Amino acid sequence: MAKITPLQCAKCGACTVVCPVFQASGRESLSARGRLHLLARLDPAQASAAYAEILSQCLLCGACRGVCSRGIDPPARFIAARKRLEKTAGCQVLLRAITRKALSNPALLATIAGLGRPLLDRLPADSGLRLRLGLPAESASLSPALPEPPGKKSASPALAFFPGCYATHLHREIIDATERVTAPFTGAPLLMPPRQCCCGLAAENSGDTATATRLARQNISAFAGNTLPILTSCASCYSQLRRYPELFADDPEWLTQAQAFADRLLEFSTFVAQAMEAEPDFRFAGSPVPRTVVYHDPCHLRFPSKIIAPPRKILTAIPGLHLAELANGPQCCGQGGLFHLAQPELAATIRSRLLTQLAQAAPDLITTTCSGCLIHIRQGLGHDPAQPEVLHLAILLAELLQTKP
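Residue numbering for the sequence shown is 14 to 418, as defined by the numbering used here.
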């Protein structure tokens, strides 16, 4: 019998139990175990179109990594394999290429957003494009601005802020809401360095590590002018930013800077939960009418970071909100960065499993902190007014702030 080393798959099948793609398809080749078996026998550079398709059909959510008894990191191996692929897989190749190009070029993305935002603002509430981009049917209406804390008008920022591409270019209400929620705890505005750019998640997931590394360098440099904690309101961005040291594992000079950057990161729900504990007199105003809410756990927080409790602590502390859980526990939405573009049918199947669980929970409201999840869930629910509202957690909390001293 061959000796099994810690880096060899034991074929135990633990990954199949947690893999959203395997659960949706039932195909062994689409489990981490199946893909690792193929990688051990065939160089991706010599892959057929069918093999390339198998490597494309992975969300890179990290569920398999969390249950692997041998400490294997399948997503890292699949990203490395995608880098060596010479064949294109998946659907909507042109759209994916344009999207990756825009995300990798901050100036281009800003120009596109600047030209398109006035048009997006004029879209009808039931526009399919509005739904496609994950924009709310109407602009979020936050409660009236809180009065300026005494003596704090010129307060220096206490937090730097990385909002991510979606909030920066499509849904700026997330930025406004985040600043509204943090202000009562810090008494100061957020610092947003102007040169920050895409976190690089889409580029790295496609195997383009050169672009992911370039974007990482730009973000590290953008925040190098201060030593403030870096607040992140997007779960996927937070996950990718934490991985910057891995991108520079073979570059000692940048590795030191990447580690210092990663050590400063602060996830939004974690910040709010900790701030509420530190200031026990603080209270959210609460919901004016009782509402049942489901918190959707983004895979990028649930698996690598295990940030599960903070958002629930926040929501259970708010009067008028009843936190409901899905019968089978947290479920992947199927978005996976650009996965939903490359594999739309598979992504929709995975999402349908989540929507079934949500229907059983019958919430009035669904909240999450992942921009991608937010978009994909809204698309799945459509424009039906009978469906629950879907809000970023920052926007929900901003609406429930105390408006009286």
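Even glycine gets a Cβ: it sits at the ideal position worked out from N, Cα and C. From a predicted model like this one, the values you see are computed outputs, not experimental measurements.
Burial state of residue i (16 or more Cβ within 10 Å)
i, result
"Ala-58", "exposed"
"Cys-211", "buried"
"Ile-379", "buried"
"Leu-55", "exposed"
"Leu-132", "Confidence at Leu-132 is low in this model, with a pLDDT of 47, below 50, so the placement of that residue should be treated as unreliable; the coordinate-derived value is given next. Exposed, since its Cβ has fewer than 16 Cβ neighbours within 10 Å."
"Gln-272", "exposed"
"Glu-338", "exposed"
"Thr-240", "exposed"
"Ala-180", "buried"
"Pro-301", "exposed"
"Asn-341", "exposed"
"Gly-84", "exposed"
"Gly-47", "buried"
"Ser-156", "Legend: pLDDT at Ser-156 = 45, less than 50; position of this residue unreliable, no value from coordinates given."
"Arg-364", "buried"
"Ile-408", "buried"
"Ala-63", "exposed"
"Leu-328", "buried"
Secondary structure of residue i, DSSP reduced to three states
i, result
"Arg-46", "helix"
"Ile-321", "coil"
"Thr-305", "strand"
"Ile-233", "helix"
"Lys-165", "In this predicted model, Lys-165 has a pLDDT of only 49, less than 50, meaning its place in the structure is not dependable enough to derive any value."
"Ile-331", "coil"
"His-396", "coil"
"Ala-298", "coil"
"Ile-363", "helix"
"Ala-337", "strand"
"Ile-67", "helix"
"Ile-85", "coil"
"Phe-354", "The amino acid occupying residue 354 in the given sequence is Leu; Phe does not appear at that position. DSSP places Leu-354 in helix when its eight states are reduced to three."
"Thr-240", "coil"
"Glu-292", "coil"
"Thr-382", "coil"
"Leu-314", "helix"
"Leu-278", "strand"
"Leu-437", "Given a span of 14 to 418 for the chain in the structure shown, any question on residue 437 remains unanswerable."
"Leu-404", "strand"
Under 8 Å between C-beta atoms of residue i and residue j
i, j, result
"Leu-410", "Phe-297", "yes"
"Phe-316", "Cys-22", "no"
"Ser-42", "Leu-359", "no"
"Gln-344", "Gln-370", "yes"
"Ser-246", "Phe-281", "yes"
"Ala-4", "Leu-72", "No statement about residue 4 is possible, as the shown extent of the chain runs from 14 to 418 and does not include it."
"Pro-401", "Pro-376", "yes"
"His-353", "Thr-382", "no"
"Ile-331", "Leu-413", "yes"
"Thr-195", "Leu-203", "yes"
"Pro-176", "Ile-188", "yes"
"Leu-314", "Arg-325", "no"
"Ser-249", "Ser-384", "yes"
"Ala-229", "Leu-260", "yes"
"Gly-220", "Leu-49", "no"
"Ala-286", "Pro-323", "yes"
"Asn-232", "Leu-351", "no"
Residue i CB to nearest heavy atom of the ligand NAD below 7 Å
i, result
"Gly-47", "As for the ligand NAD, it is missing from this structure, which has no ligand bound."
Cβ neighbours of residue i in the same chain (closer than 8 Å, five flanking residues each side left out)
i, result
"Arg-255", "Ala-275, Leu-278, Pro-317 and Ser-318"
"Ser-169", "Ala-201"
"Thr-222", "Ile-92, Lys-96, Ala-216 and Leu-260"
"Thr-226", "Gly-213, Leu-260 and Phe-261"
"Ser-82", "Ala-23, Cys-25 and Ala-27"
Residues near residue i in its chain [Cβ-Cβ closer than 6 Å; skip 5 each side]
i, result
"Pro-303", "Gly-333"
"Val-31", "Ala-76 and Val-80"
"Cys-25", "none"
"Ala-86", "Looking at the sequence shown, residue 86 is not Ala but Asp. Around Asp-86: Arg-78."
"Leu-368", "Gly-393"
"Thr-305", "His-335, Ala-337, Pro-376 and Asp-377"
"Lys-165", "Residue confidence is low: Lys-165 scores 49 on pLDDT, short of 50, so the model does not pin down where it sits. Its coordinate-derived value is still stated next. So the list reads Gly-200, once near-sequence residues are dropped."
"Arg-193", "Ala-411"
"Phe-174", "Leu-203, Met-205 and Leu-244"
Same chain, Cβ closer than 7 Å to residue i, five either side skipped, listed in chain order
i, result
"Cys-386", "His-309, Pro-311, Cys-346 and Gln-348"
"Ser-44", "Cys-28, Thr-29, Cys-32 and Phe-35"
"Val-403", "Ile-379, Leu-387, Ile-390, Arg-391 and Leu-394"
"Pro-88", "Leu-73, Gly-75 and Arg-78"
"Phe-198", "Ala-288 and Glu-292"
"Leu-52", "Arg-90 and Ala-94"
"Gln-70", "Val-34, Leu-43, Gln-356 and Leu-359"
Within-8 Å CB hit, residue i to chain C
i, result
"Leu-68", "This model lacks chain C altogether; it includes just one protein chain."
Next item on the list: Could you tell me which uninterrupted alpha helix (DSSP H) segments, each at least 4 residues in length, are contained entirely in the segment 162-225, listed from first to last along the chain?
Entry: 178-182, 186-199 and 214-218
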